[in-house]
Structure formats: structure tokens, C-alpha cells
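Take a look at the structure set out below.
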Amino acid sequence: MRGSQAVLSQHFGDLGNEGVEAQWRGALSTMQDIYAFQPERVVCDAHPGYHTQQWAQAQGLPVETVLHHHAHAAACLAENGWPREGGDVIALTLDGIGMGENGALWGGECLRVSYLACERLGGLPAVALPGGDLAARQPWRNLLAHCLAFVPDWQQYPETRAVQRQNWPLLATAIRRASTRRRPRPVVACLMRSPARWVLKPNPGKVKWPAGWKRWPRSARASTIR
Numbered sequence: 001m002r003g004s005q006a007v008l009s010q011h012f013g014d015l016g017n018e019g020v021e022a023q024w025r026g027a028l029s030t031m032q033d034i035y036a037f038q039p040e041r042v043v044c045d046a047h048p049g050y051h052t053q054q055w056a057q058a059q060g061l062p063v064e065t066v067l068h069h070h071a072h073a074a075a076c077l078a079e080n081g082w083p084r085e086g087g088d089v090i091a092l093t094l095d096g097i098g099m100g101e102n103g104a105l106w107g108g109e110c111l112r113v114s115y116l117a118c119e120r121l122g123g124l125p126a127v128a129l130p131g132g133d134l135a136a137r138q139p140w141r142n143l144l145a146h147c148l149a150f151v152p153d154w155q156q157y158p159e160t161r162a163v164q165r166q167n168w169p170l171l172a173t174a175i176r177r178a179s180t181r182r183r184p185r186p187v188v189a190c191l192m193r194s195p196a197r198w199v200l201k202p203n204p205g206k207v208k209w210p211a212g213w214k215r216w217p218r219s220a221r222a223s224t225i226r
């Protein structure tokens with residue numbers, strides 16, 4: 001990024017996957033070769049456990065961190081051509097876990113944002129996230145945590161059958177000891193009768209992408225925020 005100009009790479013996915021991280025490092029090296037630049041600083045996610053921050057801290061350059069959900073909201077502003085001097089907007093960031101203010105973990109927030117600032121106005125009540133990231137792959141865990149917190153008679157509802165088929169009493173004990181986090185999307189997915197476990201099986205040859213996705217470039221592209 002230079003001034004108001006930004007060159008965006010393709011999307012990579014979870015850098016916790018070794019293959020994905022290798023692709024990301026390769027693309028970064030290619031962009032540096034093509035544009036022949038030496039970075040003066042690195043901007044990365046505020047979560048200290050993310051690979052991007054660990055990489056940034058190892059570069060020997062000044063590092064600036066950005067709150068995960070502020071970054072999502074700012075990206076939406078840029079994608080929709082919101083000017084830099086356009087003022088604040090209200091953003092609903094219904095994303096997964098992200099580092100918030102004072103080390104708090106956010107997920108499902110109402111924010112007042114501009115490109116440069118972010119203020120949390122409110123959010124969904126925090127509940128335990130049983131199993132950490134495992135709750136994203138097994139959404140019934142997240143649904144159970146919300147049921148225990150907010151719906152005393154949850155076993156009477158047919159939408160909770162996916163939970164009742166699991167060994168939920170054991171997990172309920174663990175939930176009482178867990179840290180509080182928010183992750184709204186898996187809860188909604190489970191209520192919509194998604195499978196109790198999500199398994200990712202990449203098969204690019206058979207994927208039918210929505211028409212809008214076909215317009216996204218496979219490689220880097222330039223963007224300007226005016």
C-alpha cells in the first residue's frame with residue numbers, strides 16, 4: 001500500500017494450514033519482486049496468536065495492529081467506494097472470533113467506524129465457546145452454549161435435535177468452566193439443520209461458483225480509496 005493506492009492479492013484462506021501459508025508467502029515474494037518495493041512498516045491483525053502477527057513481528061519493521069472486526073468493516077467501506085472523508089458509519093460485524101479492545105474477544109458486534117477509528121457500541125451477549133475453534137466445525141457445540149445460557153427449556157424444541165443426539169451433558173460441565181466468546185454464525189447454521197459436523201473436502205474441479213464470484217481476479221489487483 002502506498003498513499004491511497006493498494007494492491008490486493010488473491011484470497012488465500014486460513015494461514016494455519018501449511019499449504020495455504022506457503023502459497024501466501026509465495027504470493028508476497030512475487031508481489032515484492034514485481035513492484036520492487038521495500039516495506040516501511042507492517043500492518044497486521046491484533047490477535048497475537050495469528051500467523052500474520054507472528055510473521056509481522058519477525059520482520060524487524062514497525063508494526064501496527066488492527067482490530068479484526070474493524071478491518072472487516074473498513075474493507076466493506078472500501079469495497080463500496082466510501083470516501084476517506086465520508087464520516088462514520090454503523091457496522092454490524094457478524095464474524096467469527098476477533099481480538100477487540102483491551103484483549104477482549106469479539107464476535108457479533110455493533111461498531112461505529114471510519115477507516116481510522118472504531119468504537120464498539122454493543123454486541124451479542126458473550127457465551128462460552130466449547131472447544132475453541134472446534135465449535136466452528138461442530139456448530140452444535142455453539143448452539144448448546146447459547147441454549148444453556150438463554151433457553152432453559154431448549155430440549156422441547158425440535159431445532160435442537162442435533163444437540164440432543166450428542167453427549168451434551170458432559171460438554172455442559174465444560175461450558176461452565178470455559179471462557180466467554182461469541183460466534184453467531186455457527187449457531188444460526190445449526191438451527192437451520194446444518195450437519196452436526198462440517199467437513200471440508202476441497203474438490204476444485206466440481207465446485208460451482210456463484211456468478212458474482214467469477215468476476216473476482218485470481219491474482220493481485222489495484223484499488224484506490226478517494
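Okay, so the sequence shown: first residue is 1 according to UniProt numbering, each after it adds one. Every residue, glycine too, gets a C-beta built ideally from N, C-alpha and C. What you are looking at is a predicted structure, and each value in this text was computed from that prediction instead of being measured.
Item checked: E18 in three-state terms, based on DSSP -> The count along the sequence shown starts at 1 and reaches residue 18 at position 18. Three-state DSSP puts E18 in a helix.
Next item on the list: Please look up how many angstroms separate the CB atoms of G87 and S114, rounded, as I've assumed it's under 8 Å.
Entry: For the purposes of this step, residue 87 is identified with residue 87 of the sequence shown, where counting begins at 1. For the purposes of this step, residue 114 is identified with residue 114 of the sequence shown, where counting begins at 1. Correct: roughly 7 Å between the Cβ atoms.
Check: To which residues of the same chain is P59 closer than 7 Å at the C-beta, ignoring the five residues directly before and after it?
Finding: Locating residue 59 in the sequence shown gives position 59, counting from the first residue. According to the sequence shown, residue 59 is Gln rather than Pro. If we look at Q59 and ignore the five residues flanking it on each side, its Cβ neighbours are V42.
Checklist line | Same chain, Cβ closer than 7 Å to L148, five either side skipped, listed in chain order | finding: Taking the first residue of the sequence shown as position 1, residue 148 is located at position 148. Correct list, in chain order: A172, I175.
Next item on the list: Inspect the beta-carbon positions of L67 and G96 and report whether they are closer than 8 Å.
Entry: Walking along the sequence shown from the start, residue 67 turns up at place 67. Walking along the sequence shown from the start, residue 96 turns up at place 96. Taking 8 Å as the Cβ cut-off, L67 and G96 do not qualify as a contacting pair.
Check: How would you label S179, buried or exposed, when you count the other beta carbons within 10 angstroms and need 16 or more for buried?
Finding: Numbered from its first residue, the sequence shown carries residue 179 at position 179. Only weak support exists for where S179 lies, its pLDDT of 49 falling under 50; the value from the coordinates is given anyway. With fewer than 16 Cβ atoms within 10 Å of its Cβ, S179 is classed as exposed.
Check: Shortest alpha-carbon distance to Q166 belongs to which of W140, W55, P158?
Finding: Locating residue 166 in the sequence shown gives position 166, where the first residue counts as 1. Out of W140, W55, P158, W140 has the C-alpha closest to the C-alpha of Q166.
Next item on the list: Inspect the beta-carbon positions of L129 and A145 and report whether they are closer than 8 Å.
Entry: As a working note, residue 129 is residue 129 in the sequence shown. As a working note, residue 145 is residue 145 in the sequence shown. Closer than 8 Å, so yes.
Note to self: Can you tell me whether I90 is helix, strand or coil according to DSSP?
What the structure shows: Mapped onto the sequence shown, residue 90 falls at position 90. I90 falls in the strand class under three-state DSSP.
Margin query: I need the DSSP call for M31, collapsed to helix, strand or coil.
Written below: Taking the sequence shown and counting its residues from 1, one reaches residue 31 at position 31. The answer is helix: DSSP assigns M31 an H, G or I state.
Next item on the list: On a CA-only basis, which of A22, H69, I34 is nearest W55? Give me that one, please.
Entry: For the purposes of this step, residue 55 is identified with residue 55 of the sequence shown, where counting begins at 1. Checking every option, the nearest Cα to that of W55 belongs to A22.
Check: Which residues bound the alpha helix (DSSP H) around Q164?
Finding: On the sequence shown, residue 164 is found 164 positions in, with the first residue counted as 1. Taken as a continuous stretch (DSSP letters only), the alpha helix (DSSP H) holding Q164 covers 161–164.
Next item on the list: Could you check how far apart the C-beta atoms of H70 and C118 are, in whole angstroms? I think they sit under 8 Å.
Entry: Here residue 70 refers to the residue found at position 70 when the sequence shown is read from its first residue. Here residue 118 refers to the residue found at position 118 when the sequence shown is read from its first residue. Confirmed, about 4 Å.
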